[in-house]
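Heads up: the protein sequence lines correspond to chains P and S, in order.
Position in the first sequence (from 1) plus 407 gives the number in the working numbering.
Position in the second sequence (from 1) plus 407 gives the number in the working numbering.
What follows is a short report on a single structure.
There are 2 protein chains.
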Amino acid sequence: MKILIEREPLMASIQNVMKAISSKTTIPILSGIKFEANEQEVKLTGSNSDITIESVISREEDGIVNIHEIIPGQIVVQAKFLPEIIRKLPDNQIEIQVDDDMNINIRSGHAEFKLNGQDPEEYPQLPVLQTENSFDIQIDLLKMLIRQTNFAVSTSETRPILTGVHIKLDNNELGLVATDSHRLASRKITIDQVENLSFNNVVIPGKSLSELNKILEDTQDTLQISVTDNQILFRTKHLYFLSRLLDGNYPETSRLIPDQSKTVMKVNSKDLIQSIDRASLLAKDNRNNIVKLVTQGQQNIQITSHSPEIGQVEELLQTISIEGEEIKISFNAKYMIDALRAIDSEQVLINFTGAMRPFVIRPEEESEQILQLVTPVRTY
Amino acid sequence: MKILIEREPLMASIQNVMKAISSKTTIPILSGIKFEANEQEVKLTGSNSDITIESVISREEDGIVNIHEIIPGQIVVQAKFLPEIIRKLPDNQIEIQVDDDMNINIRSGHAEFKLNGQDPEEYPQLPVLQTENSFDIQIDLLKMLIRQTNFAVSTSETRPILTGVHIKLDNNELGLVATDSHRLASRKITIDQVENLSFNNVVIPGKSLSELNKILEDTQDTLQISVTDNQILFRTKHLYFLSRLLDGNYPETSRLIPDQSKTVMKVNSKDLIQSIDRASLLAKDNRNNIVKLVTQGQQNIQITSHSPEIGQVEELLQTISIEGEEIKISFNAKYMIDALRAIDSEQVLINFTGAMRPFVIRPEEESEQILQLVTPVRTY
């Protein structure tokens, strides 16, 4: 194998596939990046047990030459130092040459690296996905869906199924739900041209979605999603992102969401975030980061928290309206801030059904199909 | 005590004195910031066993009002959360009020923090320095002196005296030396109007100089330095920075510097840094980060390193000139890069006196009174 390639597209590809490579892998070959060169393109692959990422560099695209010379071949290169080596090479053109003994020679300007390659035949074969169950989605929309739900997955392995985001497609409606059993994030959107497609109980590991979100650029290009029994593939023109799915049945979450409420509060989201954020400064000194919210009449709320050692904080915040019963409620400040930030609306509606019942936060504009639920903490 | 103060100068002052506050202090009162308000100004003090920093906020300066209202008094405020609290307050004007029971009330907009204060009488009294042994130096010049020497202090406590920078003033010449016994950095400058002042064996802890360098802004204003037997004070208009000095005698270092050489190399510093930096990528995989330099004729040098697991790297670099004997020498890449960066000259002269003798790096322009010495490593 030999390629003469521009630094920039090579660097971008390496950085993409590196996101799948774990330094703690127990399979030695997976600590490397697989390079496959054919006449038209060079493909890089990185993988761990959960995620596989393939990134393709075309020889030429939109009149820009990425690769000046290709002699087809394959090799696996140690990933650990590769990004730094490529970044620090003196010249923008880089020659990578592999001999029959799998010695890799990387040359650029007056610098020459000789690296030990590994046998590409030992690299695990990737499953070929049936892509019949596929649908398209705009990338910036997908990124928003991930951002609005993925933070609520569980980080504990007590119930592994909760470390993923549940995805459901039915009647042209795509729904995402994440919960760690203390809070829940739910988001729905309408998808066009998927009349014949439906699935349920697809649970994508939260970590996979975080990495996918990092790799995808915020564009209006579309991406294809294909689902099988145990894997999901996200595909753009140059990128394949394959993740395993979590085993097991995702709990039925719709009944957790209260359908009535005793107190309805409409409030400016940014003001509320900032007040809770300040109160949380002292609350964080305790292990549990609890702040208290108390309604005062039909207009004001008081946000408080205290730390026995440091002191206490008290804020009086004017809402837009409070309807229904008075309420005193305590909750985890981080959960509340995460929920408000995910909704990303100027005004939010918060529906309480008592100090010990989960409360629901929605954007003021009903059209946005997003809902955040937070379970309060008993302090009274 | 009561002050009504603008956020920006308060924040800047807090951040300055925080640099002296250690979260691991064994003296509880030193985990706080001392506030002292008189009619004209508010002074903040932070301290640990090595450094004391005082920052003064004038009531009004250059027509800008920093403090709108002062009722004199003193208090010690827990430092841990204070920067975050001040930064996140809703309004740019902040009222800090202390009652007779040392309760601190911080109010801004609709937010109110009540913090537990500590008794300012318990705060250690700062020594009053005799400032007769004082001289002035331009701040940007002082920062450069620190940058060019301080990196070479020892980080090991085996010989505590080597964790500091040795400073000497004699005959209008100020000299700084730092060494960890593997490398040495030396810098001299001429100071005006200090005819009657001289000192030797003043050793400032490297950590103090790092913090001082962080606090000082890169301006051409002057700063006053005062030296006593066991302390050194750096004073600007608004800032007092007091550091203890290290006990013990600093070793005589001048005889370590070879006064002859067998090989003299003139080379572009940036090219050499980049070559060694690349070679170091693989060398770092070993514990010792060793690269090898070999002259090839009167013009070229080869830089190499290898890691048994990853591979090897080889660079051929053209110098400006090589005079004298051929040389093969190995050294710690980090030491060499630190030295070259500190010199900050387009071209450098490197004087070798054999593969096992320390070598000396100087800027090509002799006028710059800087010298870096690196001890090679035996590999042949």
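Backbone N, C-alpha and C define an ideal beta-carbon position, used for all residues, glycine too.
task = Starting from Tyr657/P, follow the beta strand (DSSP E) in both directions and report where the run begins and ends.
result = Reading the first sequence from its first residue, position 250 is the one you call residue 657/P. Element bounds for Tyr657/P: n/a, residue is neither H nor E.
Q) Which residues in chain P sit within 9 Å of Ser486/S, going by Cβ to Cβ distance? A) Translated into positions along the second sequence, residue 486/S becomes position 79. According to the sequence shown, residue 486/S is Ala rather than Ser. Within chain P, no residue comes near Ala486/S; the closest Cβ sits about 11 Å away, beyond 9 Å.
Query - Cα-Cα separation between Glu528/S and Asn608/S, rounded to whole angstroms - result: For the purposes of this step, residue 528/S is taken as residue 121 along the second sequence, with counting starting at 1. For the purposes of this step, residue 608/S is taken as residue 201 along the second sequence, with counting starting at 1. Going by the C-alpha atoms only, they are around 35 Å apart.
*Any contact of the stretch 550-566 of chain S with the stretch 615-629 of chain S, i.e. 3+ C-beta pairs under 8 Å?*
Touching, yes, given that three or more Cβ pairs across the two stretches are closer than 8 Å.
Rounded to the nearest angstrom, what separates Gln667/S and Phe759/S at their Cα positions? Here residue 667/S refers to the residue found at position 260 of the second sequence. Here residue 759/S refers to the residue found at position 352 of the second sequence. Straight-line measurement puts the Cα of Phe759/S at about 9 Å from the Cα of Gln667/S.
CB contact check: Gln638/P to chain S, cutoff 9 Å:
Reading the first sequence from its first residue, position 231 is the one you call residue 638/P. So no, Gln638/P is outside the interface.
Taking only beta-carbon atoms, is His517/S less than 9 Å away from chain P? The residue you call residue 517/S lines up with position 110 of the second sequence. Residue-level contact check: His517/S touches chain P, since one or more beta carbons of chain P fall below 9 Å from its beta carbon.
- prompt: Would you say Ser429/P reaches chain S, if we count a Cβ-Cβ gap shorter than 9 Å as a contact?
  reply: Position 22 of the first sequence holds residue 429/P. Contacts with chain S at 9 Å (Cβ-Cβ) do not include Ser429/P.
Determine, for Ile717/S, whether the minimum Cβ-Cβ distance to residues of chain P falls below 9 Å.
Counting from 1 along the second sequence, the entry for residue 717/S is found at position 310. Under the Cβ distance rule, Ile717/S counts among the residues neighbouring chain P, one pair being separated by less than 9 Å.
* Please state whether DSSP places Glu618/S in a helix, a strand or coil. => As a first step, residue 618/S must be located in the second sequence, where it is residue number 211. Glu618/S: helix per DSSP, three-state reduction.
Return the residue from the list Arg685/S, Ser714/S, Leu652/S, Gly704/S that minimises the CA-CA distance to His573/S. Taking the second sequence and counting its residues from 1, one reaches residue 573/S at position 166. The shortest C-alpha separation from His573/S is found at Leu652/S.
Look up Thr760/S in the DSSP assignment and say whether it is helix, strand or coil. Here residue 760/S is taken as the residue at index 353 of the second sequence, counted from 1. Residue state, collapsed to three classes: coil.
Practice item. Show which residues of chain P have a CB atom less than 8 Å away from the CB atom of Lys673/S. Key: Taking the first residue of the second sequence as 1, we reach residue 673/S at position 266. Those do not exist, as Lys673/S stays about 18 Å from chain P at its closest Cβ, beyond 8 Å.
Query raised in the report: List, in order along the chain, the chain S residues whose C-beta lies closer than 7 Å to that of Leu689/P?
Result: As a working mapping, residue 689/P is identified with position 282 in the first sequence. The contacting residues are Phe488.
Which class does Leu688/P belong to by DSSP, given the choice of helix, strand or coil? Within the first sequence, the letter at position 281 stands for residue 688/P. It is helical.
Kindly confirm or deny that the stretch 670-688 of chain P and the stretch 621-634 of chain P touch, where touching means at least three C-beta pairs closer than 8 Å.
Taking one beta carbon from each stretch, the stretch 670-688 of chain P and the stretch 621-634 of chain P have fewer than 3 pairs nearer than 8 Å; the two do not touch.
Q.
Give me the chain S residues within the contact set of Asp684/P, using Cβ-Cβ distance strictly less than 7 Å, ordered along the chain.
A. Here residue 684/P refers to the residue found at position 277 of the first sequence. In chain order: Lys495.
For Glu491/P and chain S, any beta-carbon pair shorter than 9 Å? Taking the first residue of the first sequence as 1, we reach residue 491/P at position 84. Taking CB atoms only, Glu491/P has a neighbour in chain S less than 9 Å away.
Going straight from the alpha carbon of Gly718/S to that of Gly439/P, what length do you get?
The residue given as residue 718/S occupies position 311 in the second sequence. The residue given as residue 439/P occupies position 32 in the first sequence. Their Cα atoms are separated by approximately 14 Å.
DSSP three-state call for Arg494/P: helix, strand or coil? Working through the first sequence from its first residue, we reach residue 494/P at position 87. In the displayed model, Arg494/P falls within a helix according to three-state DSSP.
(message) Against chain S, does Ile511/P count as a neighbour if the rule is that its beta carbon must be under 9 Å from one of theirs?
(response) Along the first sequence, read from residue 1 onward, the residue named residue 511/P stands at position 104. True, the Cβ-Cβ gap to chain S drops below 9 Å.
At the level of alpha carbons, what is the spacing between Asn696/P and Asn739/P?
Position 289 of the first sequence, counted from the first residue, corresponds to residue 696/P. Position 332 of the first sequence, counted from the first residue, corresponds to residue 739/P. Distance between the alpha carbons of Asn696/P and Asn739/P is about 6 Å.
| Using the beta-carbon of each residue, which ones in chain S are nearer than 9 Å to Val755/P? | Walking along the first sequence from the start, residue 755/P turns up at place 348. The contacting residues do not exist; Val755/P stays about 19 Å from chain S at best.
Report task. Just the C-alpha distance for Lys595/P and Ile777/P, rounded to the nearest angstrom, thanks. Result -> Here residue 595/P refers to the residue found at position 188 of the first sequence. Here residue 777/P refers to the residue found at position 370 of the first sequence. So the alpha carbons of these two residues sit roughly 7 Å apart.
Which residues of chain S have a Cβ atom closer than 8 Å to the Cβ of Asn523/P, listed in chain order? Working through the first sequence from its first residue, we reach residue 523/P at position 116. Ordered by position in chain S, the residues that pass the 8 Å Cβ test against Asn523/P are Glu716, Ile717, Gly718.
So is Leu724/P in contact with chain S if we call contact Cβ pairs under 9 Å? Numbered from its first residue, the first sequence carries residue 724/P at position 317. It does; some Cβ of chain S falls within 9 Å.
Please report the distance separating the alpha-carbon of Asn579/P from that of Gln638/P. In the first sequence, the residue the question calls residue 579/P occupies position 172. In the first sequence, the residue the question calls residue 638/P occupies position 231. Between the C-alpha atoms of Asn579/P and Gln638/P there is a straight-line separation of about 21 Å.
Buried versus exposed, by CB contacts within 10 Å (16 or more), His800/S = For chain S, the structure presents residues 408 to 787; residue 800/S sits outside this window and is missing.
**Study point:** Spatial neighbours of Ile680/S in its chain, beta-carbon cut-off 8 Å, leaving aside the 5 residues before and after
**Key:** As a first step, residue 680/S is located in the second sequence; it is residue number 273 there, counting from the start. Listed in chain order, the non-local C-beta contacts of Ile680/S below 8 Å within the same chain comprise Ile744, Leu747, Arg748, local neighbours out to five positions each way being set aside.
Checklist entry - Identify the residues that DSSP records as bridge partners of Glu519/P: which are they? => result Indexing the first sequence from 1 puts residue 519/P at position 112. Glu519/P pairs with Arg514/P, Glu721/S.
inquiry  = So, with DSSP's three-state summary, where would you put Met672/S?
reply    = As a first step, residue 672/S must be located in the second sequence, where it is residue number 265. In the structure shown, Met672/S adopts extended strand secondary structure according to DSSP, grouped into three states.
Whose Cβ in chain S lies nearer than 8 Å to the Cβ of Phe442/P? The residue given as residue 442/P occupies position 35 in the first sequence. In chain order: nothing, as chain S lies at least about 15 Å away.
Given a cut-off of 9 Å, decide if Val463/S and His645/S are closer than it, judged by their beta-carbon atoms. As a position in the second sequence, residue 645/S is number 238, starting the count at 1. As a position in the second sequence, residue 463/S is number 56, starting the count at 1. Taking 9 Å as the Cβ cut-off, His645/S and Val463/S qualify as a contacting pair.
Legend entry - DSSP-derived helix/strand/coil call for Thr570/S: Mapped onto the second sequence, residue 570/S falls at position 163. It is helical.
- prompt: If you run the structure through DSSP and keep just helix, strand and coil, what is Val424/S?
  reply: Residue 424/S sits at position 17 when you count from the first residue of the second sequence. Residue state for Val424/S is assigned as helix, using DSSP reduced to three classes.
request  = Measure how close the beta-carbons of Val634/P and Ile568/P come, nearest whole angstrom, since I'm counting them as under 8 Å.
outcome  = Here residue 634/P corresponds to residue number 227 of the first sequence, with the count starting at 1. Here residue 568/P corresponds to residue number 161 of the first sequence, with the count starting at 1. Not quite, the Cβ-Cβ distance comes to about 17 Å (not below 8 Å), so this is no contact.
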